[in-house]
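In this note's numbering, the protein residues as written are 266 to 622.
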Ligand SMILES: [Fe+2]
Ligand SMILES: [Fe+2]
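Next comes the structure, spelled out in C-alpha cells:
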C-alpha cells in the first residue's frame, strides 16, 4: 500500500492538490471545498465547493473504481473543518468495511502529521523523521483497530478533534525527540507514540465548559475535575491492551520534576525519562496553539517559557527538544532561547498551576 511521499520527497504538484479518500464522501454532507478527479493527468471537477453530496456521488465513484480524489491546497482549511465534523461518524459507520474506515482514519491522521511537519515548524524536519513517524502512526492505528477500539476512537474524534490534533502534534515531537535517545528501542518508541496520541483522551469525558475554558478561569472545583483527565483517559482505554509505557505516558504527563504535578505528585526520580520527554513536548504543543493555555505563542516564546519554568521540567528533555527544533530552524528564527541565566521569567501560568494545570 502506498502512503504517498514524505515532505522532503514530495514532488512538486503543478496542480497544487492533495489526495483524499472517496470514503470521505458522505451523502447529505456539504463539503467546504471542491473535489476533483484526475483523469489522464487532467483535473476534472467532480463536486463544487458548497455542493451537498448525494448517494449518486458515492455510487458513481464506486462504479468508476476511483480510489483517489483531489482537493486544492488552498481549500485545506475547508477540508479540515469537514474532517472535524465527519471523521468520527465515518469511523462509526458500520456499513463501511472496517479496513476502509481505518484507511480513512489513517489518511486523515497522516494529513495532520504532514501539517505539523510542513506548517507548524519554520522548516520541515527531514524525510527520515517523517517516514519514522508515518510508520508509528500506521502501527498505532492498526493496533487500536485490531482491538476493536474504533468505536472509542470515533467518540474521541467526534467529541475532541482539537484534543486529537494536539495528540498528533505531541506525538510527532515526542517521537522525534525519543528517536535521538540512545536507549530507546522501537518497542518503547511505539508505546510512547501511542501514549502521546492518546494522552489527553480523558478530556473528552469532561464537561465541555471545563474542557474548553481558559485554565486561568477555572474554579477550584472545576480545576479538580480538570485534573482528573489523566486517570479518566487510562480508564477509557481499559478495554484496549496498551503497553505499560503508553499508560505511563497518559497517566503521568502532568507530573513535574519538583513534585508539584498531578495526579501523584511524583518526584523526578519516579518519572520515567520517556514521560519527561512527553511532558515537555505536550506543553510546547499547548503553548504553540491557541486554546486553554491562551493565545498561541511563537516557537521561540514557547521554548523560552519552558526553559524559564524552573524546576518543573526535565532539563535534558528540554535540551533534546531544542536540538530537534534547531533542526527545524526554530532557534535561528527567534535567536537563542533564553537560558537559565536570562531575566526572571513570567511564570504566571506554570507557577500558579503546578503540573501545567
Ligand atoms: Fe493533559
Ligand atoms: Fe496535552
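Cβ atoms here follow ideal geometry from the backbone N, Cα and C, with glycine treated the same way.
Under a Cβ-count criterion, where at least 16 other Cβ atoms within 10 Å of its own Cβ denotes burial, should residue i be classed as buried or exposed?
i	result
residue 345	buried
residue 439	buried
residue 295	exposed
residue 569	buried
residue 479	exposed
residue 360	exposed
residue 585	buried
residue 587	buried
residue 379	buried
residue 526	buried
residue 559	exposed
residue 384	exposed
residue 292	exposed
residue 520	buried
residue 485	exposed
residue 290	buried
residue 430	buried
residue 347	buried
residue 544	buried
residue 394	buried
residue 536	buried
residue 550	buried
residue 510	buried
residue 390	buried
residue 455	buried
residue 417	buried
residue 401	buried
residue 304	exposed
residue 564	buried
residue 571	buried
residue 329	exposed
residue 601	Because residue 601 carries a pLDDT of 46, less than 50, the predicted location of this residue cannot be relied on, and the following value inherits that uncertainty. Answer is exposed; the Cβ neighbour count stays below 16.
Rounded C-beta distance between residue i and residue j? I'm assuming under 8 Å.
i	j	result
residue 463	residue 475	The Cβ separation is near 19 Å, so there is no contact.
residue 546	residue 435	5 Å
residue 399	residue 375	6 Å
residue 298	residue 343	4 Å
residue 353	residue 423	3 Å
residue 336	residue 282	6 Å
residue 432	residue 461	7 Å
residue 254	residue 406	Here the chain comprises residues numbered 266 to 622, so residue 254 is not present and cannot be evaluated.
residue 512	residue 499	6 Å
residue 286	residue 368	6 Å
residue 340	residue 314	7 Å
residue 567	residue 552	4 Å
residue 322	residue 449	Their Cβ separation, rounded to whole angstroms, is 46 Å, which puts residue 322 and residue 449 out of contact at 8 Å.
Look at the Cβ atom of residue i, then the Cβ atom of residue j, and state whether they are nearer than 9 Å.
i	j	result
residue 517	residue 470	no
residue 466	residue 421	yes
residue 301	residue 326	no
residue 458	residue 356	no
residue 582	residue 442	yes
residue 555	residue 578	no
residue 528	residue 515	no
residue 381	residue 428	no
residue 477	residue 557	yes
residue 452	residue 362	no
residue 280	residue 310	no
residue 413	residue 524	no
residue 488	residue 468	no
When you compare the CB of residue i with every CB in chain C, is at least one pair closer than 9 Å?
i	result
residue 547	Of the protein chains in this structure there is only one, and it is not chain C.
May I ask you to list the residues that DSSP assigns as paired with residue i?
i	result
residue 284	335
Worksheet item: At what residue ranges does the segment 294-319 contain a whole run of the beta strand (DSSP E), taking only runs of 3 or more?
Response: 300-304 and 307-312
Whole runs of the alpha helix (DSSP H) within the segment 324-392, excluding any shorter than 4 residues: 341-356 and 363-384
- Message: In chain order, what are the residue ranges of uninterrupted alpha helix (DSSP H) at least 4 long that sit wholly in the segment 484-559?
- Response: 485-491, 494-501, 509-517 and 538-552
Contiguous alpha helix (DSSP H) assignments of at least 4 residues, all confined to the segment 419-493:
426-444, 451-463, 473-477 and 485-491
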